[in-house]
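Just so you know, we're using the numbering used here here: the sequence shown kicks off at 3 and counts up by one.
We put the CB at the ideal spot given by N, CA and C, even for glycine.
Read through the structure below, which is laid out as structure tokens, and then see the notes.
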Amino acid sequence: MKVIRGRAEGRWLPSRHRFALFRLYAFVRLLTAKPEPQPGLLLIVDRDQASFEKNVMSAWALGMVTCYVAVAWFSALSLPLALLVALPVAAIVIEVPMWGFGLLLGLFGSYRNVKLQSVWCMTLLLLLASWFAMSARWIRFVAWQFLALLALNALCAVVLFFLRAPIARLESTFGGDASAV
């Protein structure tokens, strides 16, 4: 595992983010960042270290699934009440496929396969968004925003593909100690 020592601006390294949209933002932010020496600071360079990214994506997924549950199961209620009732149900609904798929992976000896689990979850969200995007109700706007952000993330991935050499050069200036952890 690579560790950056004493450089607070290292938090903007693109390799510390999972989604292309956040990686592209981090790259642009790193280009404009001023050196911030901070003795004693250790930053791990890992795709899952950006807590802001994780929290935003988790809240967004929970909000989206809450809207889907409100429309699918609680549409007889007024919208604010349906969303309020759907929130705890959505929190459970999100977990069930992840636990089920994790148990299925466990049957094949791969309990902690984050890539497969991520693909599974995104596929389910894509299928749900595709289904609700065809609706004539308000939920189609929730579904289309997911599809639009998915397309925007794919576009950012293409941009990052062409920027991979400049990103690698910029990240190499941070060095990093692979034996620090």
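| Buried or exposed (CB count within 10 angstroms, at least 16 for buried), M3 | exposed
| request: Note down, one range per segment and in chain order, each beta strand (DSSP E) of at least 3 residues found wholly within the stretch 3-51. | output: 4-9 and 39-47
| request: Return the residue from the list V73, G12, C69 and A22 that minimises the CA-CA distance to L45. | output: G12
| request: Answer with buried or exposed for T68, where buried requires no fewer than 16 other C-beta atoms within 10 angstroms of its C-beta. | output: buried
| How would you write the range of the alpha helix (DSSP H) that N57 sits in, first residue to last? | S53 to W75
| query | Rounded C-beta distance between R49 and R20? I'm assuming under 8 Å. | reply | 5 Å
| With distances taken between CB atoms, is the gap from L64 to A92 smaller than 8 Å? | yes
| Cβ shell of L1 (< 7 Å), same chain only, five flanking positions each side left out | Outside the modelled stretch of the chain, which goes from 3 to 183, sits residue 1, for which no answer is possible.
| DSSP state of W140 mapped onto helix, strand, coil | coil
| said: Rounded to the nearest angstrom, what separates V5 and M136 at their Cα positions? | reply: 46 Å
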